[in-house]
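Read in order, the letters of the sequence shown are residues -20 to -1, 1 to 191 in mature numbering (1 follows the signal peptide of the UniProt record, and there is no 0). Where a beta carbon is used, it is the ideal one built from N, C-alpha and C, also for glycine.
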Amino acid sequence: MDDLLAFLLCVVALMENVSGRARLIEPPMRSSIWRYNIYNVPKNLMDDHLNCGGFEYQWTVANGRCGSCGDPYFGPSNNIYPGIYANNVMTRTVTQGSFLNVSVFADQNQLGYFRFYLCPDMNGQEYIDLDECFDKHPLQILDTFSSTYYVGSGGGVFNMKLILPVNVFCQHCVLKWAYVTGKEGRDLHSCRNCLGCGPQETFINCADITI
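Spelled out as structure tokens, the structure:
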């Protein structure tokens, strides 16, 4: 009984999470295209809150899972086809085998790390398993010579260059940015305090590009 009470108290402590804000700025991601006054697309005024439905939802309802492009795992899936923000608008065109400039905005003191993935198989395949495709194509970050960019405690705009595969070209590629924050400090199983332990708030955005 004592163990159950301790576990429930730990869950309550985890739920006292204050959501941060973060989004992929460059290339413009699906929910943010409206900000650039270029395309006639629906506005998502909460485009910096694509955090898998929120910390509590992700970890107590969806068992840590997230939609492919940051939506709640069980929907609504507004950021994947045929969702209202997935309009197949190519926001950037880059050269095969070159570098892709990316910029991310994030609040201060969220810690954690960024990772990027590419799905090059979208041509004529709107219902492809995006997660499976992304997992096959992690991108290297020139700035770190790895697939991971550690954020630190600072906030603002983070600029990076991604290394594009030399053998990939496509009319429609999907770029995925994933941000696993590190601001939580309580492990769900042991309930011990340690910064970055246990479940973390996660942001995911998708952008459509041509290579």
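_Cβ neighbour criterion (16 or more within 10 Å) applied to G44_ = Exposed, by the Cβ-count rule.
*Taking just the CA atoms, how far does I184 sit from N31?*
Answer to the nearest angstrom: the Cα atoms are 6 Å apart.
*Supposed contact pair Q180 and G134 - C-beta distance, whole angstroms, cut 8 Å*: With a Cβ gap of about 18 Å, G134 and Q180 do not count as contacting.
*Which value, in whole angstroms, describes the spacing of the CA atoms of Y19 and T71?*
Rounded to the nearest angstrom, the two C-alpha atoms are 10 Å apart.
_Just to confirm my understanding: we take residue 224, look at its own chain, exclude 5 residues before and 5 after, and list those with CB closer than 7 Å. What are they?_
The structure shown does not extend to residue 224, since the chain is modelled only from -20 to 191, so the question has no answer here.
_Given F85 as reference, the closest of P118, M140, T190 once Cα atoms are compared_ = Measuring from the Cα of F85, the nearest candidate turns out to be M140.
*So, are the CB atoms of L122 and F94 less than 8 Å apart?*
No, Cβ-Cβ distance for L122 and F94 is not below 8 Å.
*Which whole-angstrom value is the C-beta distance of L144 and V74, which I expect to be below 8 Å?*
Sure, about 7 Å apart at Cβ, within 8 Å.
*Name the one or two DSSP bridge partners that Y130 has.*
Partner(s): Y93.
*Helix, strand or coil for I191, going by three-state DSSP, please let me know.*
I191: coil per DSSP, three-state reduction.
*Simplified DSSP assignment, three categories, for E6*: Strand.
_I'd like the span of the alpha helix (DSSP H) that includes F114, first residue to last._
110 to 116 is the extent of the alpha helix (DSSP H) around F114.
*What did DSSP end up calling L(-16) once you bin it into helix, strand or coil?*
Residue placement at L(-16) is poorly supported in this model, since its pLDDT is 45, which falls under 50; the coordinates still yield a value, given next. L(-16) falls in the helix class under three-state DSSP.
*Do residue 193 and G92 have their CB atoms nearer than 8 Å?*
Given that the chain is displayed from residue -20 to residue 191, the structure contains no residue 193 and the question cannot be resolved.
_Distance between beta carbons of Y65 and N24, contact taken as under 8 Å_ = In this structure, N24 and Y65 form a Cβ contact; the two beta carbons are roughly 6 Å apart against a cut-off of 8 Å.
*In angstroms, rounded to a whole number, what distance separates the CA positions of L110 and P8?*
One alpha carbon belongs to L110, the other to P8, and they sit about 19 Å apart.
*Reducing DSSP to helix, strand and coil, say where I13 ends up.*
DSSP places I13 in helix when its eight states are reduced to three.
*Rounded to whole angstroms, how far is the Cβ of A187 from the Cβ of L155, which I believe are closer than 8 Å?*
About 5 Å; that satisfies the 8 Å criterion.
*Spatial distance of N58 from C49 (CA atoms)*: Spanning the two alpha carbons is a distance of roughly 9 Å.
_Three-state secondary structure (DSSP) of V84_ = In the displayed model, V84 falls within a strand according to three-state DSSP.
*Locate the beta strand (DSSP E) running through G136, then write down its first and last residues.*
Counting along the chain, the beta strand (DSSP E) containing G136 begins and ends at 136 to 143.
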